[in-house]
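To keep things clear, I will list the structure first and then write my remarks on it.
Number of protein chains: 2
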Amino acid sequence: LTQITATSVTIGDEILIGQITDTNSQWIASEFGKLGVTVEMMLSISDTENAIQSVVKNQTTDLLVLTGGLGPTKDDITKHTLAKFFNTPLVVHQETLQRLTTYYAARKRSLNELNETQAQVPQNCIVLKNDFGTAPGMWFQENEKVIVSLPGVPLEMKKLMGIQVIPKLRSYFSTPYIYHKTLHTIGIAESDLAIKIKDWENGLPKAVKLAYLPSLGMVRLRLSLQSSNRETAENLVQPLLVELKKLINHYVYGEDGDLIEQVVGELLLKKNKTLATAESCTGGNIGQLITSIAGSSQYFNGGLISYSNEVKIKSLHVPSDVIDKYGAVSEQTVSFMSTNVCELLHSDYGIAVSGIAGPGGGTDIKPVGTVWLALSSEKGTITKKLVLTPHREKNIRLASIYALDLLRKQLLKS
Amino acid sequence: LTQITATSVTIGDEILIGQITDTNSQWIASEFGKLGVTVEMMLSISDTENAIQSVVKNQTTDLLVLTGGLGPTKDDITKHTLAKFFNTPLVVHQETLQRLTTYYAARKRSLNELNETQAQVPQNCIVLKNDFGTAPGMWFQENEKVIVSLPGVPLEMKKLMGIQVIPKLRSYFSTPYIYHKTLHTIGIAESDLAIKIKDWENGLPKAVKLAYLPSLGMVRLRLSLQSSNRETAENLVQPLLVELKKLINHYVYGEDGDLIEQVVGELLLKKNKTLATAESCTGGNIGQLITSIAGSSQYFNGGLISYSNEVKIKSLHVPSDVIDKYGAVSEQTVSFMSTNVCELLHSDYGIAVSGIAGPGGGTDIKPVGTVWLALSSEKGTITKKLVLTPHREKNIRLASIYALDLLRKQLLKS
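And the structure:
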């Protein structure tokens, strides 16, 4: 099988002046990777005819994906430049005109001149219908090379890629079927994970590729396999996954894009249990993560952000002599916090966090990054000490996801 | 004055496979904009000699900034490729070798062979000392063109740019002095802002450029002026700013990179006041924003996340008949929430939020995006109704920053 290559080109002055970050290229590259298409280069260029012409004239890859520059205003010139490049006129695409008329009618507006120009496309293109915005996408093929032009708005670009471009690419380039399976781990470093699965990794069939994808506190493991169809791939990968999970089951919280806050929410929902939080150094971040999931009101009662010791004592009823004796960042304090929030908010589970996020507040015995977690339920309270980083932002994020993971493990046991 | 042009090139396969987003280019472009250097193109390329050679051979701009590919491992080849391109040997840079020896000694490790190669640089470069990592930066100048090579780690890149590259660029290209002043507004749409300041904008001297930089719920206004020095620029811009602030003072919460949570924190600190929060639909996000600022324990006591009605009633003491009669999302409920959290947590100010974040839970009378805010202090309670968007994530963010802005305005009055 030959390797299909691509270049991603984002068009727009707002990128070049540093006003926004180009996130389209990363998304496209990630999707193309799953498809077996190699992105050789990413480019961000200005909304000028010269810049766009230069890119299309010097196409070195099988596929060129242009995003941006398709708006109705004067500064958007991608369409005109492509028509010029292909030496073809712009013509009104009747189906798009009809779609736009309906679109604006639904918004109680009639089409103005500017909107109408959005229905014009170079005569030689295949129109990619855009149901999520006004500008249609365009597909050009000439001399075995393909140019695709899409709107730059990430939502529209992603929808058009999924519905129109990727299916067309599959058939045009007869790309191989590539099967992917991703396991999400938490709480183990990339290098430790690599040691744990070394023998398994060395024993992988040559066709199966393994990628380590690390982020803060988490590592994703992605298995990829080029195959004729899904069933064949799954039959090969399934027993490998079983083996892999045996080795690292303790650290795997989900698959294929799962978020830890979503996995915990699903478990609570399934087991019909409720949760309350008592947060000190995370300052509300755990509550925020949990409630970022739609429908979380079904299992999340609420929580106390006990940032000051007074709130810990008066609202959370942590005995003041416990704080005096052991400190606010201690196993004893955090245990009272989780037990009491559970009871005060009539919840099945209570999680509590107290730590030194930094940059100030550290001591020799309790340096910045020292965090205590506690989890309470009718079965009692378990605690865990974390030694994190010197960085406030990282400590808040790590303490939050590790607290959620502690709850996840407990939910699996119950 | 001639325009100085630049190309930003990020090197690394992890970008091309879509594993990470290139954020270096955006940062560089934004810094160059302040310097009056125009970024004409951004490129992301692979860690291959071909790709790097092609870019340096075809340099079309005055300046080429390469980031990435300077690590000690075999896949990092930027340095070797540049030496080859300039036809110059790699030599050990003694000062860097000394720095690395000290660096590793401090970590109780001695230099291995791999680390030592990090002290090698092409003979024709000027070394840019890197105090924040191991790989030094490099500056090449030939035929009036400049190539700069920097580590790809964002923190190291930014430090080297600020300390080494930008001062050298100023003197090498004798870039003009560009004065920037940014006002941050909140709670007014870009188009409404444009109408409010239309006459003022039309009356701006030609030398002063105005840019609108919108983000969710906020718009930054940036005034730029090319000048011989800071004083001249400030003398011209100052009276313009006074006029501008008169027109939009209600919406301006800060300047030059200020965050709303930081501005509110500084005001609380200055006025020696404390804060408590009662959050329903924002689920802890306001607490999280406030405590993201180091030192927030000086003014933030804590809060209650009253996600369920039971918590609103039992922990926050909102009368159950008020919730029955007016609903949890109502002026009455949110007023009780802010008044009571203020009292319960012995704080000078209490802010409360209750709303329908979505996607579910909306009705005809209270659609998704309906949010009530309340702010209590010894002076009483003020409330505000927001009608936001159909999107959960946006509603949570908008409700949070608008609640902080309500507090900011009250703090300015007191």
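Same order as they appear, the protein sequences are chains A and B. For what it's worth, our numbering labels the leading residue of the first sequence as 1, then goes sequentially. For what it's worth, our numbering labels the leading residue of the second sequence as 1001, then goes sequentially. We treat Cβ as the ideally placed atom computed from N, Cα and C, and that holds for glycine.
Using beta carbons (cut-off 8 angstroms, strictly below), is V39 (chain A) in contact with chain B?
Translated into the one-based positions of the first sequence, residue 39 (chain A) becomes position 39. Chain B, which has a Cβ nearer than 8 angstroms to the Cβ of V39 (chain A), makes this yes.
Just list the residues that DSSP pairs S215 (chain A) with in beta bridges.
For this step, residue 215 (chain A) is matched to residue 215 along the first sequence. DSSP output for S215 (chain A) lists A:M218 as bridge partner(s).
If we define contact as Cβ-Cβ less than 8 angstroms, is A1352 (chain B) a contact residue for chain A?
In the second sequence, counting from the first residue as 1, residue 1352 (chain B) sits at position 352. Cβ-Cβ to chain A under 8 angstroms: no for A1352 (chain B).
Opening and closing residue of the beta strand (DSSP E) in which V1334 (chain B) lies:
The residue you call residue 1334 (chain B) lines up with position 334 of the second sequence. Careful: V1334 (chain B) lies outside any beta strand (DSSP E), inside the alpha helix (DSSP H) at 1331-1344.
For V252 (chain A), write down the residues that DSSP places opposite it in a beta bridge.
Translated into positions along the first sequence, residue 252 (chain A) becomes position 252. DSSP output for V252 (chain A) lists A:T185 as bridge partner(s).
Alpha-carbon to alpha-carbon, S1292 (chain B) and R397 (chain A):
Position 397 of the first sequence holds residue 397 (chain A). Position 292 of the second sequence holds residue 1292 (chain B). Whole-angstrom Cα-Cα distance: 11 angstroms.
Quick one: does the C-beta of S376 (chain A) sit closer than 7 angstroms to a heavy atom of the ligand GTP?
Ligands in the displayed structure: none, and consequently the ligand GTP is not present.
Three-pair Cβ contact test at 8 angstroms for the segment 1194-1205 of chain B versus the segment 1170-1182 of chain B
no
Residues of chain B with CB under 8 angstroms from F301 (chain A), in chain order?
Translated into the one-based positions of the first sequence, residue 301 (chain A) becomes position 301. Phe is not the amino acid found at residue 301 (chain A); the sequence shown has Asn there. Per Cβ cutoff of 8 angstroms: Y1307, S1308, E1310, V1311.
Say whether the segment 314-332 of chain A touches the segment 284-298 of chain A, bearing in mind that this needs 3 or more beta-carbon pairs closer than 8 angstroms, one atom from each stretch.
no
Runs of beta strand (DSSP E) wholly within the segment 1239-1315 of chain B (minimum 3 residues, chain order)
1252-1255, 1275-1279, 1300-1306
State the Cα-Cα distance for the pair I11 (chain A) and M1157 (chain B), rounded to the nearest angstrom.
The count along the first sequence starts at 1 and reaches residue 11 (chain A) at position 11. The count along the second sequence starts at 1 and reaches residue 1157 (chain B) at position 157. Using only the alpha carbons, I get a separation of about 25 angstroms.
Excluding five sequence neighbours on each side, which residues of the same chain lie with their C-beta closer than 8 angstroms to the C-beta of R1170 (chain B)?
As a first step, residue 1170 (chain B) must be located in the second sequence, where it is residue number 170. So the list reads L1035, once near-sequence residues are dropped.
Three or more C-beta pairs under 8 angstroms: does that hold for the segment 376-393 of chain A against the segment 236-244 of chain A?
no
Can you tell me whether E113 (chain A) is buried or exposed, with buried defined as 16 or more other CB within 10 angstroms of its CB?
One-based indexing of the first sequence puts residue 113 (chain A) at position 113. So E113 (chain A) ends up on the exposed side.
I1356 (chain B) and V1341 (chain B): beta carbons closer than 8 angstroms?
Taking the second sequence and counting its residues from 1, the one referred to as residue 1356 (chain B) is at position 356. Taking the second sequence and counting its residues from 1, the one referred to as residue 1341 (chain B) is at position 341. For I1356 (chain B) and V1341 (chain B), no; Cβs fall outside 8 angstroms.
Beta strand (DSSP E) segment containing E40 (chain A), residue limits:
Here residue 40 (chain A) refers to the residue found at position 40 when the first sequence is read from its first residue. From DSSP, the beta strand (DSSP E) with E40 (chain A) extends over 37-45.
Answer with yes or no whether the minimum CB distance from T437 (chain A) to chain B is below 8 angstroms.
With chain A covering 1 to 414 only, the question about residue 437 (chain A) has no answer from this structure.
For the segment 2-19 of chain A, which residues have a beta carbon sitting closer than 8 angstroms to at least one beta carbon of chain B?
I15, L16, I17, G18, Q19
Once you ignore the five residues that flank V1334 (chain B) on each side, which residues in its own chain have a CB closer than 6 angstroms to its CB?
Residue 1334 (chain B) sits at position 334 when you count from the first residue of the second sequence. Answer for V1334 (chain B): A1352, S1354, W1372, A1374, listed in chain order.
Give the straight-line distance between the Cα atoms of G137 (chain A) and G71 (chain A), rounded to the nearest whole angstrom.
Numbered from its first residue, the first sequence carries residue 137 (chain A) at position 137. Numbered from its first residue, the first sequence carries residue 71 (chain A) at position 71. Cα-Cα distance, rounded: 11 angstroms.
Exposed or buried, which one is V311 (chain A) when buried takes at least 16 other CB atoms within 10 Å?
The sequence position of residue 311 (chain A) within the first sequence is 311, counting from 1. By the 10 Å Cβ count, V311 (chain A) comes out buried.
Under the rule that 16 or more other beta-carbon atoms within 10 Å means buried, what is L1 (chain A), buried or exposed?
Here residue 1 (chain A) refers to the residue found at position 1 when the first sequence is read from its first residue. Because L1 (chain A) sits at a pLDDT of 48, beneath the cut-off of 50, its placement in the model cannot be relied upon, and the following sentence gives the value as read from the coordinates. Under this definition L1 (chain A) is an exposed residue.
Under DSSP, the beta strand (DSSP E) around M157 (chain A) begins and ends at which residues?
On the first sequence, residue 157 (chain A) is found 157 positions in, with the first residue counted as 1. Taken as a continuous stretch (DSSP letters only), M157 (chain A) belongs to no beta strand (DSSP E), being part of the alpha helix (DSSP H) at 154-160.
Chain-ordered neighbours of I286 (chain A) on chain B, where CB pairs are closer than 8 angstroms
Start at 1 with the first residue of the first sequence, and residue 286 (chain A) comes out as number 286. Result: G1284.
If I measure Cβ to Cβ from Q59 (chain A) and keep anything under 8 angstroms in the same chain, skipping five residues before and after, which residues do I get?
Walking along the first sequence from the start, residue 59 (chain A) turns up at place 59. Around Q59 (chain A): T7, K145, I147.
CB-CB under 6 angstroms to V1056 (chain B), same chain, minus the five flanking residues each way: which ones, in chain order?
If you number the second sequence from 1, residue 1056 (chain B) lands on position 56. The answer, listed in chain order, is F1085.
If you run the structure through DSSP and keep just helix, strand and coil, what is H180 (chain A)?
The count along the first sequence starts at 1 and reaches residue 180 (chain A) at position 180. If DSSP states are grouped into helix, strand and coil, H180 (chain A) belongs with the strands.
Beta-carbon of H1391 (chain B) versus every beta-carbon of chain A: anything under 8 angstroms?
As a working mapping, residue 1391 (chain B) is identified with position 391 in the second sequence. So no, H1391 (chain B) is outside the interface.
Is the separation between the beta-carbon of I52 (chain A) and that of T73 (chain A) shorter than 8 angstroms?
Within the first sequence, residue 52 (chain A) is the residue found at index 52, counting from 1. Within the first sequence, residue 73 (chain A) is the residue found at index 73, counting from 1. Against a cut-off of 8 angstroms, the Cβ pair of T73 (chain A) and I52 (chain A) comes out as no contact.
So which residues on chain B does A374 (chain A) lean against when the C-beta distance must stay under 9 angstroms?
Counted from its first residue, the first sequence places residue 374 (chain A) at position 374. What A374 (chain A) touches in chain B: nothing, since even the nearest Cβ is about 17 angstroms away.
Measure the C-alpha to C-alpha separation of P1154 (chain B) and E1031 (chain B) and round it to an integer number of angstroms.
Reading the second sequence from its first residue, position 154 is the one you call residue 1154 (chain B). Reading the second sequence from its first residue, position 31 is the one you call residue 1031 (chain B). Their backbone Cα atoms lie some 14 angstroms apart in a straight line.
Check whether the Cβ atoms of L1100 (chain B) and N1115 (chain B) sit closer than 8 angstroms, and answer yes or no.
Reading the second sequence from its first residue, position 100 is the one you call residue 1100 (chain B). Reading the second sequence from its first residue, position 115 is the one you call residue 1115 (chain B). Their beta carbons are under 8 angstroms apart, which means L1100 (chain B) touches N1115 (chain B) by this criterion.
Straight-line gap, Y402 (chain A) to I186 (chain A) (C-alpha atoms, nearest Å):
Within the first sequence, the letter at position 402 stands for residue 402 (chain A). Within the first sequence, the letter at position 186 stands for residue 186 (chain A). Roughly 8 angstroms separates the two Cα atoms.
Who are the near neighbours of T383 (chain A) in its chain, counting only those whose CB is closer than 7 angstroms to its CB and skipping five residues on each side?
Mapped onto the first sequence, residue 383 (chain A) falls at position 383. Within the same chain, T383 (chain A) has close Cβ partners E331, V334, S335, W372, L373, A374.
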